[in-house]
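Enquirer:
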Amino acid sequence: MLVQRYATLALFIFSVLANALTLGPRSKSSEAEPHRWLAKRGELKRIVIVGGSVGEDSHAHCTPHQVRRIDEDIAWMRKLAASAYNFLLEEDSHTTAAYIAWFGANNADRKTADAIRREVYDAIWDLGDDTDAYVAELEGYSGAVVLGCPDTTTEPLCENAVAVANRPGNFARLCPLYFQQSFDYEEQFRSWRMSRTRSLTGAETLLHEMTHLPGVVGSWNTDDIAYEKDKCLLLRDAEMINNADNYMLFALEPGFHIADIFLVGEDFDPTNINEVIWAVATRSCLDVIAFLSYKDGNTGLILYVSHRYWAMF
């Protein structure tokens, strides 16, 4: 059950950047890209896995332990997708700094926000909360996303990767590094919301990979243009809406209630990327930008999120 808890907040992150970040309007001529809000979503509605006796001869066979871990991660992936979906139901969600930070000002319109909600996050939710069958091989399978667990000796792509998606086949390889990720979700989300530090989790990885697959998200399938928050925040708007990590990072923002509110003080360091300032959002987004730009010179300042938070149970 989803319980709405409203806490209108503004989150400001101050980071060291090679070049000063301009918070003013971006040029639409340089960022313009046709909206994809009329695009059709994918048709896959379930997740299957290479495992059990039927898949024991496959190079991508997943052990029972790995299957249990993947099922847990899928359930958390679904929670992330649901929280993003519910936030985007808000009429003004496309005007929030969370949306603009990850998807860009030139994509900040109601139709695009609705399309992202339906075509991406709802499509991921519809995959279900665990794997529901074993299959013999890591290959295309009717009506389902296929997950497999190859090792680095049989799958060279896994040598330096956590997971690798295959668009034509609508399957994903979960590499050995995948199973070394954190699975303490409460701690990881607490760390993200309080200090903006995190270790990659399986749920985030799976959500990232699902956005690559046309069988899930249709023509909204994404590329890997940049990884991690620092680089993703600095993409052009046309790149933001096409980058898998941006969808993953946006999904982290609205899903978890923030119990503590820290007021902006005089002792914060605007050059410390790990320092996070929470403030009651009593001004409009543009007024907050103007206020902090005046106070701190607008150097290395990123207005990161200002929106209603939701709690999921």
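Mapped onto mature numbering (1 follows the signal peptide of the UniProt record, and there is no 0), the consecutive letters of the sequence shown carry residue numbers -20 to -1, 1 to 293.
Glycine included, C-beta positions come from ideal geometry on N, C-alpha and C.
Which of the three DSSP states is assigned to Ala218 in this structure?
Expert: Ala218 falls in the helix class under three-state DSSP.
Enquirer: Rounded to a whole number of angstroms, what is the C-alpha to C-alpha distance between Gly198 and Asn226?
Expert: Near 17 Å, if we compare the C-alpha coordinates of Asn226 and Gly198.
Enquirer: For Ala124, list the residues DSSP reports as bridge partners.
Expert: Per DSSP, Arg26, Tyr121.
Enquirer: Expressed to the nearest angstrom, what Euclidean distance is found between the alpha-carbon atoms of residue 295 and Phe159?
Expert: In the structure as shown, the chain begins at -20 and stops at 293. Residue 295 is therefore absent and cannot be evaluated.
Enquirer: Does any C-beta atom of chain C lie closer than 8 Å to the C-beta of Leu193?
Expert: Annotation note: the requested chain C is absent from the structure, which comprises a single protein chain.
Enquirer: Please state the DSSP three-state secondary structure of Gly198.
Expert: Three-state DSSP puts Gly198 in a helix.
Enquirer: Just how far apart, CA to CA, sit Ala113 and Asp164?
Expert: Each residue's Cα considered, the two are about 26 Å apart.
Enquirer: Going along the chain, which residues of its own chain have a beta-carbon closer than 7 Å to the beta-carbon of Gly31, five neighbours each way excluded?
Expert: His41, Cys42, Val47, Tyr114.
Enquirer: Measure the Cβ-Cβ separation of Leu232 and Gly123 and say whether it is below 8 Å.
Expert: No, the pair does not count as a contact, with Cβ atoms beyond the cut-off.
Enquirer: So what does DSSP say about Val140, is it helix, strand or coil?
Expert: Residue identity differs from the one stated: residue 140 is Asn in this sequence, not Val. Of the three classes helix, strand and coil, the one that applies to Asn140 here is coil, per DSSP.
Enquirer: Please classify Leu140: is it buried, with 16 or more other beta-carbons within 10 angstroms of its beta-carbon, or exposed?
Expert: According to the sequence displayed, residue 140 carries Asn and not Leu. Exposed, by the Cβ-count rule.
Enquirer: If you follow the alpha helix (DSSP H) that Arg48 is in, where does it begin and where does it stop?
Expert: Counting along the chain, the alpha helix (DSSP H) containing Arg48 begins and ends at 44 to 68.
Enquirer: For the alpha helix (DSSP H) holding Ala152, just list the boundary residues, first then last.
Expert: First-last for Ala152: 151 to 154, but that is the beta strand (DSSP E), not the alpha helix (DSSP H).
Enquirer: Thinking C-alpha only, which one of Asn86, Asp72, His45, Ala62 is nearest Leu107?
Expert: It is Ala62 whose Cα lies nearest to the Cα of Leu107.
Enquirer: Would you kindly check if the distance between the Cβ of Ala224 and the Cβ of Asp210 is under 8 Å?
Expert: In this structure, Ala224 does not lie closer than 8 Å to Asp210 by Cβ.
Enquirer: Can you tell me whether Tyr227 is helix, strand or coil according to DSSP?
Expert: Here Tyr227 sits in helix by DSSP.
Enquirer: Among Trp200, Arg153, Val196, which has the Cα closest to the Cα of Gly182?
Expert: With distances taken between Cα atoms, Gly182 lies closest to Arg153.
Enquirer: Could you check whether the stretch 182 to 194 touches the stretch 51 to 66, counting it as contact only if at least three pairs of C-beta atoms, one from each stretch, sit closer than 8 Å?
Expert: Enough Cβ pairs lie closer than 8 Å, so yes.
Enquirer: Quick check: the Cα distance between Ile50 and Phe151, rounded to an integer number of angstroms?
Expert: Computed Cα separation, rounded: 14 Å.
Enquirer: Going by DSSP, name the residue or residues bridged to Gly31.
Expert: Paired residue(s): Cys42.
Enquirer: Ala116 to Tyr65, Cα distance in whole Å?
Expert: Taking the straight line joining both Cα atoms gives about 33 Å.
Enquirer: What are the boundary residues of the alpha helix (DSSP H) that includes His188?
Expert: Segment 182 to 190, the alpha helix (DSSP H) holding His188.
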